[in-house]
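126 is the number that my numbering gives to position 84 of the sequence shown; each next residue is one higher, with no gaps.
We put the CB at the ideal spot given by N, CA and C, even for glycine.
Contents: one structure, followed by commentary.
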Amino acid sequence: MSKDYDKPSGEVEWNLSQALIISISQLLDRASRLFLAGDLINSFWSYREAKFQMIPSLNEEERTNMNNLEDQFLIKRKRTRLMTKEEYKRRLNQASQIYETYRVNLMDLLKKYGFYISPKKDKTSIN
Numbered sequence: 043m044s045k046d047y048d049k050p051s052g053e054v055e056w057n058l059s060q061a062l063i064i065s066i067s068q069l070l071d072r073a074s075r076l077f078l079a080g081d082l083i084n085s086f087w088s089y090r091e092a093k094f095q096m097i098p099s100l101n102e103e104e105r106t107n108m109n110n111l112e113d114q115f116l117i118k119r120k121r122t123r124l125m126t127k128e129e130y131k132r133r134l135n136q137a138s139q140i141y142e143t144y145r146v147n148l149m150d151l152l153k154k155y156g157f158y159i160s161p162k163k164d165k166t167s168i169n
């Protein structure tokens with residue numbers, strides 16, 4: 043009877059890689075659904091969780107860049123008592139621009155490190 047620890051290491055590595063990609067995929071899907079529902083903050087946190095899944099792959103500069111964007115987003119979304127409604131709207135607009143930059147950077151990093159698998163184009167579909 044074969045036990046799990048008797049598996050060749052390649053099979054174990056494949057299973058771990060597959061689990062990591064599935065986890066990242068679920069986080070990206072959740073972030074997209076939250077964004078479409080208008081929940082920018084929780085969508086951002088889902089993207090941030092996806093970043094944490096792949097953080098061992100990132101170099102120091104990439105981590106610093108992503109952390110700076112996170113800090114900027116968190117600062118821009120906060121509202122103070124002295125802030126006017128127009129200024130708060132302007133800051134939310136800036137936060138949404140930072141969100142978009144963060145999302146694009148994350149997707150670029152996922153592609154760079156092989157975590158993003160682009161969908162295959164179906165050549166048999168009817169246009």
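CB of residue i within 9 Å of CB of residue j, strictly
| i | j | result |
| --- | --- | --- |
| S99 | Y141 | no |
| A92 | A73 | yes |
| L82 | R119 | yes |
Backbone CA spacing between residue i and residue j [nearest angstrom]
| i | j | result |
| --- | --- | --- |
| P69 | E104 | The sequence as given places Leu at residue 69; Pro does not occur at that position. Near 20 Å, if we compare the C-alpha coordinates of E104 and L69. |
| N109 | N84 | 17 Å |
| L134 | S88 | 18 Å |
| K153 | L124 | 42 Å |
| G80 | E102 | 32 Å |
| M43 | I159 | Its pLDDT being 48, under 50, M43 is placed unreliably in this model, and the coordinates cannot settle the point. |
| E129 | F157 | 38 Å |
| Q139 | S65 | 26 Å |
| K127 | S59 | 47 Å |
| R75 | R121 | 25 Å |
| R132 | R90 | 23 Å |
| T106 | Q136 | 20 Å |
For residue i, the nearest candidate out of the options (CA to CA)
| i | options | result |
| --- | --- | --- |
| Q95 | S67, N135, I83 | S67 |
| L148 | I64, L78, N135, F86 | F86 |
| L151 | L78, I97, D71 | I97 |
Neighbour flag for residue i against chain D, beta carbons, 9 Å
| i | result |
| --- | --- |
| F115 | No chain D is part of this structure, which consists of one protein chain only. |
Open item on the list: When you compare the segment 112 to 121 with the segment 130 to 150, are there three or more beta-carbon pairs, one atom per stretch, that lie closer than 8 Å?
Closed with: yes
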